[in-house]
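Worksheet: one structure, shown below.
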Amino acid sequence: AQKVTQAQTEISVVEKEDVTLDCVYETRDTTYYLFWYKQPPSGELVFLIRRNSFDEQNEISGRYSWNFQKSTSSFNFTITASQVVDSAVYFCALSEGETGANNLFFGTGTRLTVIP
Amino acid sequence: KAGVTQTPRYLIKTRGQQVTLSCSPISGHRSVSWYQQTPGQGLQFLFEYFSETQRNKGNFPGRFSGRQFSNSRSEMNVSTLELGDSALYLCASIQGGGTGELFFGEGSRLTVL
């Protein structure tokens, strides 16, 4: 059965600090996709990244970086030099199979508060 | 490029009533998915439609149904509303038929009294 665990319920950091959001997943499929989404107070989920199970390369996009490790079933997300605008709830999600399509299993989310 | 549009944004219903929510995907997107978000259960997949056909369905009772029209717009319906159906209902669209970036709308917040 599939499962996504975000053990950190809430995190508070002071502006300009780095912060890492943890995500651990479980799946029996060899083909799967991992996602990170940001949910600001407005409610909509904003796509941040998608990774397939065959691509373990880490990725950096501006102040954001992602560390995908199949050996530990983790897909962690780091924000460098955090800003107040980064305050939001962040969700990690899993989609299984080549035709898993848009059936995403979400973690419970991590609420990040960046204090000015 | 217009985003995913969901209507209504907020609505209040009473137990036993039914509700219909609408989702207009991004132009050119053919797949629409629906999710329910509650404080207790988090984000849960409801169903997905592609080319007017339901392709996947989550673990929800038959009171929850949906459909997709030829222009890719989608509606979901909840009949015989229960207090526990109070939630933010999110719609997402994706361009093709495979797995990719889901673009979400701002959601329809349903309150059942």
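So the protein lines, in turn, are chains A and B.
Using our numbering, you'd call the opening residue of the first sequence number 47 and step up by one each time.
Using our numbering, you'd call the opening residue of the second sequence number 1427 and step up by one each time.
From the three backbone atoms N, C-alpha and C, an ideal C-beta is built for every residue, glycine too.
Being a predicted model, the structure only gives us computed values, none of them experimental.
- By DSSP's assignment, E63 (chain A) forms no beta bridge with any residue.
- Residues of the segment 1478–1490 of chain B that bring their beta carbon within less than 8 Å of a beta carbon in chain A comprise R1481, N1482 and G1484, in sequence order.
- T77 (chain A) and K49 (chain A) have their C-alpha atoms some 15 Å from each other.
- Around the beta carbon of V131 (chain A), fewer than 16 other beta carbons lie within 10 angstroms, which makes this residue exposed.
- The segment 1446–1466 of chain B and the segment 1483–1501 of chain B touch, with no fewer than 3 CB-CB distances between them shorter than 8 Å.
- Assignment of L1509 (chain B) by DSSP, reduced to helix, strand and coil, places it in the helix class.
- A residue is called buried once 16 or more other Cβ atoms fall within 10 Å of its Cβ, and E90 (chain A) is buried on that count.
- For L1514 (chain B), the chain A residues whose Cβ falls inside 7 Å of its Cβ are G89, in order along the chain.
- At a cut-off of 7 Å between C-beta atoms, F1471 (chain B) counts as an interface residue with respect to chain A.
- Residue A:P87 holds the alpha-carbon nearest to the alpha-carbon of V135 (chain A) among A:P87, A:R74 and A:S107.
- By DSSP's assignment, K1439 (chain B) forms a beta bridge with B:V1538.
- In the DSSP assignment, R96 (chain A) forms a beta bridge with A:F81.
- For R74 (chain A), no chain B residue has a Cβ inside 9 Å of its Cβ, as the nearest lies near 17 Å away.
- Just so you know, the alpha carbons of Q52 (chain A) and R1499 (chain B) end up roughly 33 Å apart.
- In its chain, beyond the 5 residues on either side, T1506 and L1507 have a beta carbon closer than 8 Å to the beta carbon of G1442 (chain B).
- Of the residues B:K1439, B:V1430 and B:T1431, the one whose Cα lies closest to the Cα of V1504 (chain B) is B:K1439.
- For I161 (chain A), the uninterrupted beta strand (DSSP E) segment begins and ends at T156 to I161.
- For E1501 (chain B) against T1446 (chain B), the beta-carbon gap comes to about 6 Å, under 8 Å, which counts as contact.
- Residue pairing by DSSP places F1495 (chain B) opposite no residue, since no beta bridge is assigned to it.
- For a cut-off of 8 Å, the C-beta gap from D64 (chain A) to T126 (chain A) is around 5 Å, short enough to register as a contact.
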